[in-house]
Amino acid sequence: MRGRKRESAFYPAMAAIPMVLLVIVFLLPLSFNLARAFFDEDGFTLSNVKEVISTPYTYRLLSFTLMQAALSSLVSVLVALPGAYLYANYRFRLKRLMLSLSSLCFVLPSILVVLGFVIFYGNSGFVNDIWRTITGREEAIRILYSFKAIILAHAFLNIPVALTLITEDWAHTPRSQENASYLLGSSKVHTFLTITLPRIMPTVLSAALLIFLFCFTSFSIILVLGGGPQYTTLEVEIYRTNNIVMDSAKASALSLFSFLVNLVILVLYMAVSRNAASREKSRDDRAVRPTSWKTKAAIALYNTLMLIFMLGPLVSILARSVISTSSRYKEGFSLRSYAELFGLHRSVGVMSDAFQALVNSLVIALVVALLSTVMALFLCLYTTRRRSKAVEVVGMFPLAISSVTLGLGYYIIRAHIHSSGVLAGYILVILAHLVIAMPFAMRTISPVMRSGNPRILDAAYTLGASVSRTCFGVEIPMLKTTLARAFIFSFALSVGEVNATLTLAEGKVVTLPILLYRLINSYNYQGACAIGSVLMVMTFIIFALAQAMGTRRSNGNS
Amino acid sequence: MGTLELKGVKKRYPEFTLEIDLSVNEGEFLTIIGPSGSGKSTLLNIIAGLYAPDEGAILLDGRDITSLPPQKRGISMVFQDYALFPSMNVEKNISYAMKIRKVKRSERRRQTDALLSFVNLSGYNRRKVTTLSGGEAQRVALARALSSDPSILLLDEPLSALDASLRRHLRDEVRRIHDENPGVTTIYVTHDREEAFSISDRIAIMNAGHIEMVAGGEEIYNHPNSLFTASFTGEGTSLPAEMFDMDVDADTIFFRPESVTIPQTKFYGDADAYLILEGVKIVSAEFLGSCYLLGLMYEGHRILAESSFRPAEDTMTIYIRKTRLLLFKDGRAVS
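Note that the protein sequences, when read in sequence, are chains A and L.
Converting from the first sequence to this note's numbering requires adding 4 to each position, the first position being numbered 1.
Converting from the second sequence to this note's numbering requires adding 259 to each position, the first position being numbered 1.
Next comes the structure, spelled out in structure tokens:
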């Protein structure tokens with residue numbers, strides 16, 4: 005639509021407040037980070053940065069970080085590829101469920117994965133229990149606290165990502181091109197190599213880079229499952245330098261270094277994914293019923309292995325949450341941890357914070373989700389009108405800046421304002437979560453808004469409705485389900501957030517994931533699992549709601 | 260109520276400039292046709308107030324409305340893709356304008372029912388607009404546009420998304436609605452010339468941002484003022500004037516297929532009243548049901564002719580009635 009009548013002042017006015025807030029919540033921590041790295045009591049200094057970029061240790065960290073990210077990404081994509089082939093080309097029962105389960109991993113808090121791994125693969129975990137029962141041997145298979153544990157956990161989180169992305173693209177690749185190739189006399193293998201593979205390659209690459217990016221800034225998995233200084237990444241080192249060595253200046257310098265590397269990867273990812281997005285898509289489903297028994301067997305095998313791999317750790321958490329191994333209380337079945345969590349039972353130790361943490365988590369997540377949705381809405385309303393690229397840029401923020409860096413920024417701000425008040429702690433946590441959640445909210449809202457029909461608003465104007473009335477009465481109600489999805493995603497991100505919260509407010513503001521982390525560290529697995537179960541159930545509900553809304557919306561459009 | 264005047268309205272775009280002078284009478288049904296990209300929709304949007312012109316004035320009943328926002332013009336519009344509010348049901352869509360004007364609830368309901376029955380959709384009040392078929396949605400859009408009691412109703416290719424038979428039916432419906440709302444001026448945009456001929460009082464031909472001709476359908480078809488109008492409003496043949504020994508100040512002659520006579524046996528007409536072309540070859544013959552449309556070749560030029568039969572010979576003589584010849588110089592008609 006070109007040549008709009010007059011620029012209404014309504015939309016810029018509504019966008020101004022969130023815009024200012026966004027700049028503050030995002031840029032402020034970043035600049036405090038910068039300031040801390042470059043200034044000390046005597047003024048400007050390069051010594052922190054110099055120290056970071058001149059020590060070989062930094063490069064050892066960097067090379068390990070890159071290496072584990074590359075390996076995680078490779079493993080995830082390689083495991084996902086055969087699955088994507090089966091899922092895109094065949095129709096079978098459980099497919100929808102499996103794909104839903106896969107996309108669930110997008111919102112699964114990573115600390116939950118950590119816990120699931122500890123319970124499932126740990127020395128006294130379920131895998132080893134079965135191993136001992138079968139073999140009768142005493143010694144356990146050591147999986148945790150090693151390099152392979154890191155890769156395994158990253159694969160757990162990211163195979164579903166790769167599977168979903170590649171399947172999505174492959175399923176919408178029109179069969180006609182392959183059919184044309186067959187008719188021209190090309191064999192199946194030749195067609196796959198010359199037609200199909202080049203077609204899905206950009207998506208495979210883009211998925212691989214996205215996973216690389218996720219793993220580059222991975223935090224809690226490395227912190228807990230890596231289990232030692234030899235498996236430390238940049239992110240974990242930033243956290244350690246700041247929160248354990250208590251040298252925030254050096255941590256800042258390190259975080260800047262990490263930020264720059266991250267930026268390079270992000271630019272790469274954006275370049276590749278632009279390539280992947282700009283192709284025609286068929287609306288038809290190319291999947292057919294499998295006919296040969298080989299295909300059926302392959303589908304059954306892949307699904308079984310995936311189900312064990314994905315559900316094993318999660319189900320273990322549920323099971324372990326009602327098993328007490330404490331000799332102080334009775335061993336065996338017990339609901340004690342749940343009683344402590346919901347404040348029904350007074351407890352000592354780490355679990356004494358449990359009920360408070362539950363309340364904190366819910367309150368913080370609600371505030372974050374509300375703010376993030378409303379702010380994202382008014383920003384999107386404005387930016388889609390201006391056809392600006394701002395949304396895309398803002399949408400990339402959480403990928404560009406790691407949450408540990410963000411948390412560090414707020415940590416420094418907090419030190420600057422000399423506030424030890426509880427309220428300040430809460431506000432800073434909310435702001436940090438907002439930076440993480442809002443871009444996702446914008447990326448949820450913006451495409452829907454852009455695909456909307458601008459003539460509908462014109463129709464309202466010609467019927468006499470003012471700009472603001474049209475906005476609130478016509479435009480926003482059209483986005484109802486999308487807004488609900490944005491709200492839900494923001495809520496999920498906030499409720500599961502651990503990196504920024506831990507770095508920023510350790511010990512001051514306790515949320516469920518933070519408590520979970522502490523319980524793992526103090527070997528109270530039953531308590532950890534009770535909290536994990538609650539987190540998991542919340543995630544499930546949130547996810548189911550979002551899915552239900554997604555299908556309702558697409559039904560409404562057809 | 261509903262006399263519209265556009266005086267020197269100009270809107271510049273990088274690729275073309277819209278330049279319009281036009282006046283539409285109260286109660287008139289004016290159709291705008293033209294090739295895509297000629298500026299039809301832009302013109303409607305300017306009239307509605309959704310786009311602002313760079314220059315010129317728009318007068319409604321003598322009052323300058325150029326700077327009025329769309330909300331205050333009393334001009335309704337029906338969009339190609341209906342643009343119904345998806346968050347509201349049929350009734351809420353139709354009563355939206357009345358609600359804005361704070362019409363009482365009981366009155367709103369009464370008028371909505373009246374409008375629904377007017378567009379033959381009685382009982383559709385509670386239907387979700389996403390469940391409507393294309394034809395139903397367009398009727399709801401019409402009812403909604405009429406609900407604000409407009410003095411001018413703009414229709415932007417309202418039927419183009421519908422299939423052929425429904426389009427015919429709704430076309431008559433649109434005209435009926437116009438006739439039963441005396442005083443409402445309707446401006447209808449289409450790219451379908453048959454639709455334009457059947458529905459309009461007058462037709463405006465648009466080309467590259469300006470209006471070529473405004474007149475009744477017959478006038479436009481039989482006496483086009485330009486070669487563009489002639490060829491846009493129907494089939495026809497243009498030939499260089501110098502091919503014929505005629506004493507006229509024109510460079511092109513144009514005639515419709517039905518102006519060509521192909522004698523089945525001997526030609527009995529007055530030979531002086533016809534342009535006679537000998538040695539014409541048949542290239543193609545398309546059966547149209549009521550007649551054949553023949554593609555002919557004469558001295559390297561293609562000629563379209565209508566014939567009630569399929570000629571037996573490959574080569575023949577054709578006769579073109581001189582009074583039906585249209586003469587053009589530099590694309591403009593000469594008399």
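Think of the CB as a built atom: it goes at the ideal place given N, C-alpha and C, for glycine as much as any other residue.
Short CB-CB distance (under 8 angstroms) between Pro345 (chain L) and chain A: yes
Rounded C-alpha distance that separates Leu26 (chain A) from Tyr430 (chain A): 18 angstroms
Pull up the CB-CB distance for Ile546 (chain A) and Val111 (chain A), whole angstroms please, since I reckon it's below 8 angstroms. 7 angstroms
Is His194 (chain A) buried or exposed, if buried means 16 or more other CB atoms sit within 10 Å of its CB? exposed
By a C-beta neighbour count over all protein chains shown, 10 Å radius and 16 as the cutoff for buried, is Gly126 (chain A) buried or exposed? buried
Where Leu90 (chain A) falls: helix, strand or coil (DSSP): helix
Within 8 angstroms (strictly less), CB to CB, does Val478 (chain A) reach chain L? yes
8 angstroms Cβ cut-off: residues of chain L touching Leu385 (chain A): Ordered by position in chain L, no residue passes the 8 angstroms Cβ test against Leu385 (chain A), which lies about 16 angstroms from the chain.
Hey, Leu410 (chain A) and Ala436 (chain A) are a contact pair by Cβ (cut 8 angstroms); roughly how many whole angstroms apart? 6 angstroms
Taking C-beta to C-beta, are Thr466 (chain A) and Ala307 (chain L) nearer than 8 angstroms? yes
Give the C-beta separation of Ser224 (chain A) and Gln530 (chain A) to the nearest angstrom, bearing in mind that I take them to be a contact with Cβ-Cβ under 8 angstroms. 20 angstroms between Cβ atoms; not a contact.
Distance check for Lys54 (chain A) and Ser562 (chain A), CA to CA, integer angstroms please. Because Ser562 (chain A) carries a pLDDT of 30, less than 50, the predicted location of this residue cannot be relied on, and the following value inherits that uncertainty. One C-alpha to the other measures close to 59 angstroms.
What three-state label does DSSP hand Leu549 (chain A) in the structure shown? helix
Among A:Met540, A:Asp289, A:Leu90 and A:Val513, which one has its Cα closest to the Cα of Ser4 (chain A)? Beyond the ends of chain A as shown, which are 5 and 562, falls residue 4 (chain A); an answer cannot be given.
Taking the CB atoms as reference points, tell me whether Pro312 (chain L) and Val268 (chain L) lie closer together than 8 angstroms. yes
What alpha helix (DSSP H) runs, 4 residues minimum, are completely inside the stretch 382-449 of chain L? 393-406 and 423-438
Any C-beta of chain L under 8 angstroms from that of Ala144 (chain A): no
Tell me the rounded alpha-carbon separation between Pro233 (chain A) and Asn246 (chain A). 16 angstroms
Please compile the residues from chain L whose C-beta is within a distance smaller than 8 angstroms of the C-beta of Ala470 (chain A). Reading off the sequence shown, one finds Ser at residue 470 (chain A), where the question assumed Ala. Under the 8 angstroms cutoff, chain L gives Gln330.
Assuming Ala419 (chain A) and Phe493 (chain A) make a contact with CB atoms under 8 angstroms, what is their CB distance in whole Å? 31 angstroms between Cβ atoms; not a contact.
For Ser128 (chain A), the three-state DSSP class (helix, strand or coil): coil
So that I know if they touch, is there some Cβ in chain L lying closer than 8 angstroms to that of Ile460 (chain A)? yes
DSSP state of Met102 (chain A), grouped into three classes? helix
For Leu281 (chain L), report the span of its beta strand (DSSP E) as first-last. Thr276 to Val283
Nearest-angstrom Cα separation, counted from Val292 (chain A) out to Arg95 (chain A): 5 angstroms
Spatial distance of Asn559 (chain A) from Ala550 (chain A) (CA atoms): Confidence at Asn559 (chain A) is low in this model, with a pLDDT of 41, below 50, so its placement is unreliable and no value can be given for it.
Under 8 angstroms Cβ to Cβ from Gly493 (chain L), same chain only, skipping five residues before and after it: list those, please. Arg452, Tyr480 and Arg515
Identify whether Arg271 (chain L) lies in helix, strand or coil by the three-state DSSP scheme. strand
For Phe337 (chain A) and Phe121 (chain A), I'd like the C-alpha separation in whole angstroms. 21 angstroms
Return yes when the Cβ of Leu498 (chain L) is within less than 8 angstroms of the Cβ of His598 (chain L), no when it is not. With chain L running from 260 to 594 in the structure shown, residue 598 (chain L) is simply not present.
Looking only at its chain, what residues have a beta carbon closer than 6 angstroms to the beta carbon of Ala19 (chain A), apart from the 5 residues adjacent to it on each side? Phe382, Leu383 and Tyr386
Closer than 8 angstroms at the beta carbon, the chain A residues around Asp340 (chain L): Asn457 and Arg459
So what's Pro218 (chain L) in DSSP terms, helix, strand or just coil? Outside the displayed range of chain L (260 to 594) lies residue 218 (chain L), so it cannot be described from this structure.
Determine the contact status of Val408 (chain A) and Phe261 (chain A), defining contact as a CB-CB distance below 8 angstroms. no
Starting from the N-terminal side, write out each stretch of the beta strand (DSSP E) that is 3 residues or longer and does not extend beyond the stretch 273-355 of chain L. 276-283, 288-292, 314-319 and 334-337
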